[in-house]
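**Q** So for the sequence shown, full-length UniProt numbering puts the first residue at 1; every next one is plus one. For reference, the structure I am asking about is given below.
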Amino acid sequence: MGIRKKNNKNPPVLSHEFVIQNHADIVSCVAMVFLLGLMFEVTSKVAVLFITVQYNVTISTNEGSEETPVNFFHHGLKDLATVFFYMLVAIIMHAIIQEYVLDKINRKMHFSKTKHSKFNESGQLSAFYLFSCGWGASIVLSENLLSNPVSLWEGYPHALMPFQMKFYYICQLGYWLHTLPELYFQKIKKEDIPRQLVYVSLYVVHIAGAYILNLNRLGLVLLVLHYFVELLFHVSRLIYFSNEERQTGFTVWAILFVLARLLTLSLSVLTVGFGLAGAEQQGLDLTTGNFNVIFVRVTVLAAICTTQAFMMWKFINFQLRRWREQAQLQQSLKKKQAPSKSKAKNKANGVNGSVSANGADSPRARKEKSS
């Protein structure tokens, strides 16, 4: 059973329309090839590179009198194969959510084309942000990053990661990279593609940067914080589409958005600007994954500050545009109410023999003149 419903008119095989309509089925077949590769000894070694997390390191820890082996992971070039496979998984999940959830709601709500595309975007991102925020928060709590914020920079470089943290970064990169082919599959307008490319590039660069530079703990905390605020925005937009009078969520989001930007800058400066600057291990060492040099620290802080400033600029423009639209809406409502009030006043002036608004005589006055 295919994921996408087929139209009555079947497009030519391997045409653009055929690929777009059946892209989820095609990608599912490709992913199935990797899974089937695990069944055969000849291909299992290659299939494992794509499906499982690589670069496993076992370290023994002393808990009481017993030594317990603990598995950790570090990053490497083989992670590109794993990211590719989970990018395919993200494309499949995108199609499932679109067809079995969002399309059914769209048919009931009868949205316009503009609202239809925005609703689909917010629906997809709400599902992703909810999943990523919950998963990331559980890792933050299990690693005690909130109760012990010093661990954000203490013991750097954090080259070894637990399985959940590494798999989280793999899935994040896979998801954001899957949005690039989705621009083609979803037939995004040409004028909207540059905005989407900037949006996706910022995510990929920051997530990959935190992953490669072994700033995975700081990156995880900042991602959870950012995803929570973005989740609130897209949920508020979904509620707004169902009932345009419900706009309270946007007010709460606006407050939390500004607070999140301030907290992001504070944590970044505290970790990179002060914590790593005062760390014992200084210098560039690729074998241990140590990038604690002043050039890298300044570059990281500059990238974070520039991104936060860009987001605040977009936020201010969004709020100003929203306020202008509300002001124009209120003015149009006042103009519509003004003629209705004048008509009601004219009707009232023509009753009980009073003088009408246009200066015409009442029936009683005309009777006196004739006499």
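In this text, a Cβ means the ideal position worked out from N, Cα and C, and glycines have one as well.
Please report the distance separating the alpha-carbon of Leu-276 from that of Phe-72.
**A** 23 Å
**Q** Checking 8 Å against the spacing of the C-beta atoms, do Ser-132 and His-234 come in under that value?
**A** Not in contact: Ser-132 and His-234 (Cβ atoms no closer than 8 Å).
**Q** In the DSSP assignment, find the unbroken beta strand (DSSP E) run with Asp-285 in it and report its ends.
**A** 283-285
**Q** For the alpha helix (DSSP H) containing Glu-182, name the first residue and the last one.
**A** For Glu-182, the enclosing alpha helix (DSSP H) covers residues 163-185.
**Q** Which runs of the alpha helix (DSSP H) spanning at least 4 residues fall entirely within the region 109-151, listed in chain order?
**A** 113-142
**Q** Grouping DSSP H, G and I as helix and E and B as strand, with all else coil, what is Thr-288?
**A** coil
**Q** Determine, using beta carbons only, whether Leu-267 and Leu-222 come nearer to each other than 8 Å.
**A** Inclusion of Leu-267 and Leu-222 in the CB contact set at 8 Å is warranted, their separation being smaller than that value.
**Q** Indicate whether Thr-264 and Leu-215 have their beta-carbon atoms separated by less than 8 Å.
**A** no
**Q** Quick one: grab the DSSP three-state call for Ile-188.
**A** coil
**Q** If you reduce the DSSP assignment to three classes, tell me which class Pro-194 lands in.
**A** Note: Pro-194 maps to helix in three-state DSSP.
**Q** Do Tyr-129 and Tyr-211 have their CB atoms nearer than 8 Å?
**A** With respect to Tyr-211, Tyr-129 sits apart: the two C-beta atoms are not nearer than 8 Å.
**Q** Just to confirm my understanding: we take Gly-123, look at its own chain, exclude 5 residues before and 5 after, and list those with CB closer than 6 Å. What are they?
**A** Leu-102
**Q** Measure the C-alpha to C-alpha separation of Cys-171 and Ala-95 and round it to an integer number of angstroms.
**A** 17 Å
**Q** Just mark Trp-323 as buried or exposed, buried being the case when its beta carbon has 16 or more other beta carbons within 10 Å.
**A** exposed
**Q** Throw me the rounded Cβ distance for the His-232 and Leu-256 pair, which I believe falls under 8 Å.
**A** In the sequence as presented, His is not what sits at residue 232; that position holds Leu. Confirmed, Cβ separation roughly 6 Å.
**Q** In three-state terms, what does DSSP make of Val-48?
**A** helix
**Q** In this structure, how does DSSP classify Asn-243 when only helix, strand and coil are distinguished?
**A** Coil, per DSSP.
**Q** Please work out which residues of its chain come closer than 7 Å, Cβ to Cβ, to Ala-279, disregarding the five sequence neighbours upstream and downstream, and give them in chain order.
**A** Trp-153, Tyr-156 and Asn-292
**Q** Using only alpha-carbon positions, find the residue among Leu-213, Leu-270 and Val-30 that is nearest to Gly-283.
**A** Selection Leu-213, Leu-270 and Val-30 evaluated against Gly-283 yields Leu-213 as nearest (Cα-Cα).
**Q** Mapping DSSP to helix, strand and coil, what is Ser-268?
**A** helix
**Q** Spatial neighbours of Ser-28 within its chain, please: CB distance less than 6 Å, with the 5 preceding and 5 following residues excluded, ordered by chain position.
**A** Ile-92
**Q** Hey, quick one: how far does the alpha helix (DSSP H) through Val-83 stretch, first residue to last?
**A** 79-97
**Q** Closest by CA to Ile-294, which one among Thr-287, Thr-288 and Gln-281?
**A** The option with the nearest alpha carbon to Ile-294 is Gln-281.
**Q** Hey, is the region 78-87 in contact with the region 173-188, meaning 3+ C-beta pairs nearer than 8 Å?
**A** Contact between the region 78-87 and the region 173-188 is present, because at least three Cβ pairs lie under 8 Å.
**Q** What's the gap between the Cα of Leu-329 and the Cα of Ile-20?
**A** 39 Å
**Q** On the DSSP bridge assignment, give the partners of Pro-69 in chain order.
**A** Ser-60
**Q** Quick check on the DSSP output: the alpha helix (DSSP H) that includes Val-101 runs from which residue to which?
**A** Note, Val-101: premise wrong, no alpha helix (DSSP H); not H, not E.
**Q** Short of 7 Å in beta carbon distance, which residues of its chain neighbour Asn-56, apart from the five on each side in sequence? Order them along the chain.
**A** Asn-71 and Phe-73
**Q** Label Met-32 either buried or exposed according to how many other C-beta atoms from any shown protein chain fall within 10 Å of its C-beta, with 16 as the threshold for buried.
**A** exposed
**Q** Can you find at least 3 beta carbon pairs, one from the region 136-146 and one from the region 163-170, that sit closer than 8 Å?
**A** yes
**Q** Check each candidate in Phe-18, Thr-271 and His-23 and name the one with the smallest Cα separation from His-178.
**A** His-23
**Q** For my contact list, Gly-76 and Ala-159 are in at a C-beta cut-off of 8 Å; report their separation, rounded to the angstrom.
**A** The pair is not a contact, with the Cβ atoms about 11 Å apart (cut-off 8 Å).
**Q** Would Ile-51 and Leu-38 qualify as a contact pair, given that the criterion is a beta-carbon distance under 8 Å?
**A** yes
**Q** I need the straight-line Cα distance from Cys-305 to Phe-250, nearest angstrom please.
**A** 24 Å
**Q** Distance check for Val-252 and Lys-334, CA to CA, integer angstroms please.
**A** 28 Å
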